[in-house]
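Reading through the structure tokens given below for one structure.
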Amino acid sequence: MKQKRARTPYFWIYLFLLPTLVGYSMYTLWPIIRTVQFSLTSMRGFGSKVRFVGLSNYVQLFQDELFINSLLVTLKFMLLVVPARFLISLLFALALNWKKCQSKTLLRTFFFLPVLTTSAIIGVVFILILDPTFGPISVILSKLGYVDLARIPLLGNRSTVLATAGAIWVWKWMGNSLIYWLASLQSIPDELYEAAKIDGANSLQSFRYVAAPLLVPFAFIILVLSISDAIRVFNLMLTLTNGGPYFATETVELFIYRHAFQATTQRMGYASAAASVFAMFFSVIIILQSVVKRFVKKEV
Amino acid sequence: MKKALVLISLVALVCSVAFAQAAAEAQQKGPVTLTWWDQYSNQAGTHQAIFDAFEAETGNKVEMQNYSSSAAKDAFDLAIRSNQSPDIMSNPWKTNGIAAKYYEGALGALTVKASDLPEYIQKELYEGYTMFDGEVYSFPTKASNHSVLFWYDTDKLSADQVPGTLAELRELFKSLTDPANNQYGIALPMSDTGRMNDNICYLISAAGGNRELNPLTGYYEYDNDISKAVMQWFIDIYQDGSVHPASLTLATRTVRERFIAGEAAFAIDGVWYPGSIKKAFGADVLYRLGVHSTPVLTAGTQAKVGAHPVSGTFYLSSTCKDPEVATDLLLKLLDDSYAIRIANDMDQPPLNTSAIAKADVVPVYVEACEIMEDEIVYMPEALLRNANIAEVYAEKVDIKPNLGDILVGYLTGAITDWEAAVSDYNAKMNAELDRAIDAVKKSGVKVDHSDFVFPNFVPGESYTRDMYEAL
Chain W
8 MKQKRARTPY
18 FWIYLFLLPT
28 LVGYSMYTLW
38 PIIRTVQFSL
48 TSMRGFGSKV
58 RFVGLSNYVQ
68 LFQDELFINS
78 LLVTLKFMLL
88 VVPARFLISL
98 LFALALNWKK
108 CQSKTLLRTF
118 FFLPVLTTSA
128 IIGVVFILIL
138 DPTFGPISVI
148 LSKLGYVDLA
158 RIPLLGNRST
168 VLATAGAIWV
178 WKWMGNSLIY
188 WLASLQSIPD
198 ELYEAAKIDG
208 ANSLQSFRYV
218 AAPLLVPFAF
228 IILVLSISDA
238 IRVFNLMLTL
248 TNGGPYFATE
258 TVELFIYRHA
268 FQATTQRMGY
278 ASAAASVFAM
288 FFSVIIILQS
298 VVKRFVKKEV
Chain E
547 MKKALVLISL
557 VALVCSVAFA
567 QAAAEAQQKG
577 PVTLTWWDQY
587 SNQAGTHQAI
597 FDAFEAETGN
607 KVEMQNYSSS
617 AAKDAFDLAI
627 RSNQSPDIMS
637 NPWKTNGIAA
647 KYYEGALGAL
657 TVKASDLPEY
667 IQKELYEGYT
677 MFDGEVYSFP
687 TKASNHSVLF
697 WYDTDKLSAD
707 QVPGTLAELR
717 ELFKSLTDPA
727 NNQYGIALPM
737 SDTGRMNDNI
747 CYLISAAGGN
757 RELNPLTGYY
767 EYDNDISKAV
777 MQWFIDIYQD
787 GSVHPASLTL
797 ATRTVRERFI
807 AGEAAFAIDG
817 VWYPGSIKKA
827 FGADVLYRLG
837 VHSTPVLTAG
847 TQAKVGAHPV
857 SGTFYLSSTC
867 KDPEVATDLL
877 LKLLDDSYAI
887 RIANDMDQPP
897 LNTSAIAKAD
907 VVPVYVEACE
917 IMEDEIVYMP
927 EALLRNANIA
937 EVYAEKVDIK
947 PNLGDILVGY
957 LTGAITDWEA
967 AVSDYNAKMN
977 AELDRAIDAV
987 KKSGVKVDHS
997 DFVFPNFVPG
1007 ESYTRDMYEA
1017 L
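Respectively, the protein sequence lines represent chains W and E.
Going by my numbering, the first sequence opens with residue 8, and the numbers climb by one from there.
Going by my numbering, the second sequence opens with residue 547, and the numbers climb by one from there.
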């Protein structure tokens, strides 16, 4: 006897999806469409006269040394901080996952606290901490007799500013990755480690042959989130360095902000073109990453 | 006859309905709450007192929000763009930037005629600044000023020790610097390269150059000897080690902290410095403020700093919920008592400078206002000659890196040949001006580069209203 198949309740599915679809369309899709639309115009500010200029903003953009600089700064920052956050958080997660580790809850809270703090506030506080005259680091170095070293403005020096901002960023966001790593490590059954131990594997081999293959999907998610966070570094950079000194920390977001809002004559069209290129840049990175993920999965 | 009766009855009916509606509206129109945004936190108390009196008199409330000067422009622009403008706002844009806001449709006219305003205000109203298409959009309440007064710490030196030339000041800074004890000649707001650019341009003007365009040619001339000498001075004092090492991360407000902390003997700031210091650190430290006129390149010359004629202080937004009530409120700012209160706050001096003598202020503020009055000269402004120039300003975009950026770039090693960078900047500024003029011309608006040329301008002297008429 044929069983009567239950009808899929499409009406209810779409009804429940509706609020999300409406919200997503209003606050994500529509702004994206408008940004691309603005990027093809000479738009100065909202309400100003708008002229269609075709791809002229894009042509200008790739002739603008400061835009190329901002793309490179964003890329450099990403290459600097993402691996650091990825590896350091993994190391801390392994340590916290170790059975003999004491005060795990306290340490987890300790590492997660900076994640809860606002980036803009962290930026302001670190300006004071790293101050070359009255910052605590400077005071200690001065008392130890290293006055010249103490007076180096870490945030005012082109050769140190990106690394300094990067270190602050890793400190701020490491707790987030740590929680993901811990969750993924705890999802691996103890039996697998015990079996590896019986087969004579040491701790390193257990990690290499048991944990690592199982961590790959989590690693991919952690990498995507870290890259996404590293690209959206606007609040921290604005308050910490404002893109300086001399554009050394001007990421694409700050470049867009400068043209869209800070300039005497705002250039919404130009800033929108920069935002569109930036979105493409980010998409390319994510596509590359998924290609790498497939390759790594096969290898493992 | 019947037809006429019907017609008259209909007219009477329409009139009575209209009258009844107007009366009902007038009855319904209760007190309003106006929103007011400005960047004059030093004057928050003064403004609040006026709002309280206004509420007691009319029942209309005012909600005030203060922003720092640097944050105000961003906040106001964002508000305009999201249709959330306050009813009344100050002008954080550059003097000629207000015209761009008018063309964006962001501003609303006051409900007062120019002829109804006091004569001393009428003299300061200019089409393109405070008037558009013959309507009054604002009026100035504050006198013109510049931001390069040299403030020194009287705990470290006395007035007779402060020299008048940049070269002598450089030597003084060296003698005041002692890194082991956190003592430096000067702290500069170098993280705010826009402000540094302004400081450099003002000093170029004081040294006999042009802060912006040369009115005789209508072009920028930042690559001349005077401009380069001023740039070189900033480079020299930095390389001497006389500039506070945190300067690359300091903005105007944080420079004040270093000054009051006793780490820097000098700071460059405007006449509002005592007011800002008092607000941030209390009146007890005001005794430490000394002020000196703007230094020059050549001994024996008097600094003359070019400034624009004064613009409006407060504007109504185009979305102002009740322009009539807002205008009534703004007219309260024309009272003498307001001018005295402005002076009491030791912010930008009032337009009516005689009020300073009646105000309760520290002597150094009076001295700073006097220096300012001696030094300021009005430069010719193309916008006041041809109001269409507003469209050129709205079209013209910022050129980066500017002089402030180039200075920081050179000092941090990003630029190796600063003179070439200045020449490049100058060429780009002129090219952008020409491009903007051409773009506006193409759209059919009557503008020309000759609008920027003022053959009757005499360097070092104020360009007066009759000189515009003589062109």
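Beta carbons: idealized from backbone N, C-alpha and C, even for Gly.
Rounded C-beta distance between residue i and residue j? I'm assuming under 8 Å.
| i | j | result |
| --- | --- | --- |
| T256(W) | V168(W) | 6 Å |
| A792(E) | T272(W) | So it is not a contact: roughly 32 Å between Cβ atoms. |
| A928(E) | D997(E) | 5 Å |
| D633(E) | A872(E) | 5 Å |
| R716(E) | I783(E) | 5 Å |
| Y281(W) | I263(W) | Per the sequence shown, the amino acid found at residue 281(W) is Ala instead of Tyr. 5 Å between Cβ atoms; contact. |
| G674(E) | A645(E) | 6 Å |
| G251(W) | V954(E) | 7 Å |
| L130(W) | L24(W) | One detail in the question is off: residue 130(W) reads as Gly in this sequence, not Leu. About 39 Å; that fails the 8 Å criterion. |
Could you name the residues that DSSP lists as bridge partners for residue i?
| i | result |
| --- | --- |
| T581(E) | E609(E) |
| S863(E) | L653(E) |
| Q729(E) | D724(E) |
| L695(E) | D815(E) |
| N760(E) | Y765(E) |
| S636(E) | F860(E) |
| L1025(E) | The structure shown does not extend to residue 1025(E), since chain E spans only 547 to 1017, so no value can be given for it. |
| E539(E) | Absent from the structure is residue 539(E), since the part of chain E shown begins at 547 and ends at 1017. |
| V851(E) | I922(E) |
| V682(E) | M677(E) |
| K204(W) | According to DSSP, K204(W) bridges with nothing at all. |
| V842(E) | T711(E) |
| S48(W) | Before going further, note that residue 48(W) is Thr rather than Ser in the sequence given. Beta-bridge pairing links T48(W) to F59(W). |
| K688(E) | P896(E) |
| V789(E) | I732(E) |
| A810(E) | Y730(E) |
Closest by CA to residue i, which one among the options?
| i | options | result |
| --- | --- | --- |
| A807(E) | K774(E), N728(E) and A752(E) | N728(E) |
| D701(E) | M925(E), I961(E) and V831(E) | V831(E) |
| D699(E) | S690(E), R802(E), A646(E) and A853(E) | R802(E) |
| V968(E) | L979(E), K987(E), R981(E) and N948(E) | N948(E) |
| D920(E) | A936(E), T899(E), P909(E) and A905(E) | T899(E) |
| I175(W) | S235(W), I228(W), N209(W) and V88(W) | V88(W) |
| T665(E) | T657(E), G591(E) and F685(E) | The sequence given here has Glu at residue 665(E), not Thr. Here the closest residue by C-alpha is F685(E). |
| G787(E) | N770(E), A797(E) and A810(E) | A810(E) |
| S636(E) | S628(E), Y649(E), L653(E) and R627(E) | L653(E) |
| N76(W) | E260(W), M33(W) and G182(W) | E260(W) |
| D891(E) | K878(E), V817(E) and L835(E) | V817(E) |
| G950(E) | P926(E), I781(E), E870(E) and V993(E) | I781(E) |
Interface positions of the segment 973-1006 of chain E facing chain W (Cβ-Cβ less than 7 Å), listed along the chain: none
Residues of the segment 948-963 of chain E in Cβ contact with chain W at a cutoff of 7 Å, in chain order, please. D951, V954, G955, T958, G959 and A960
If you measure beta-carbon to beta-carbon, which residues of the segment 266-278 of chain W are closer than 7 Å to chain E? F268, Q269, A270, T271, T272, Q273 and R274
If the cut-off is 7 Å on Cβ atoms, which residues from the segment 139-151 of chain W count as contacting chain E, listed in chain order? P139 and T140
Where the segment 220-253 of chain W meets chain E: residues whose CB sits under 7 Å from a CB there: N249, G251, P252 and Y253
Would you check if the segment 844-858 of chain E and the segment 747-757 of chain E touch, i.e. whether three or more CB-CB distances between them fall below 8 Å? yes
Is the segment 711-727 of chain E touching the segment 820-830 of chain E, taking contact as three or more C-beta pairs under 8 Å? no
Members of the segment 70-81 of chain W near chain E, C-beta cut-off 8 Å: L73
Between the segment 55-62 of chain W and the segment 235-250 of chain W, can you find at least three pairs of beta-carbon atoms closer than 8 Å? no
Which residues, taken in chain order from the segment 795-820 of chain E, show a beta carbon closer than 7 Å to some beta carbon of chain W? T795 and E809
If you measure beta-carbon to beta-carbon, which residues of the segment 89-120 of chain W are closer than 9 Å to chain E? none
To be precise: take each residue of the segment 835-860 of chain E, compare its Cβ to all Cβ atoms of chain W, and keep it if any distance is under 8 Å. Which residues remain? none
Can we say the segment 601-610 of chain E touches the segment 884-902 of chain E, given the rule of at least three CB pairs closer than 8 Å? no
Taking one C-beta from the segment 60-80 of chain W and one from the segment 275-286 of chain W each time, how about it: are there three or more such pairs within less than 8 Å? yes
Hey, is the segment 97-105 of chain W in contact with the segment 178-198 of chain W, meaning 3+ C-beta pairs nearer than 8 Å? yes
Can you list, in chain order, the residues of the segment 718-750 of chain E whose Cβ is nearer than 9 Å to any Cβ on chain W? P725, A726, N728, Y730, M736, S737, D738, T739 and G740
With 8 Å as the limit, tell me which residues of the segment 176-188 of chain W have their beta carbon closer than that to any beta carbon of chain E; keep them in chain order. none
If you pair each beta-carbon of the segment 908-927 of chain E with each one of the segment 612-629 of chain E, do three or more pairs fall below 8 Å? no
Does the segment 763-776 of chain E come close enough to the segment 675-694 of chain E to have 3 or more Cβ pairs within less than 8 Å? no
What residues in the segment 633-665 of chain E have a beta carbon less than 8 Å from any beta carbon of chain W? W639, K640, G643, A646, Y649, E650, G651 and A652
Should the segment 575-595 of chain E be called in touch with the segment 873-892 of chain E, which here means at least 3 C-beta pairs below 8 Å? yes
Tell me whether the segment 203-220 of chain W and the segment 113-131 of chain W touch, counting them as touching only if at least three CB pairs, one residue from each stretch, are closer than 8 Å. no
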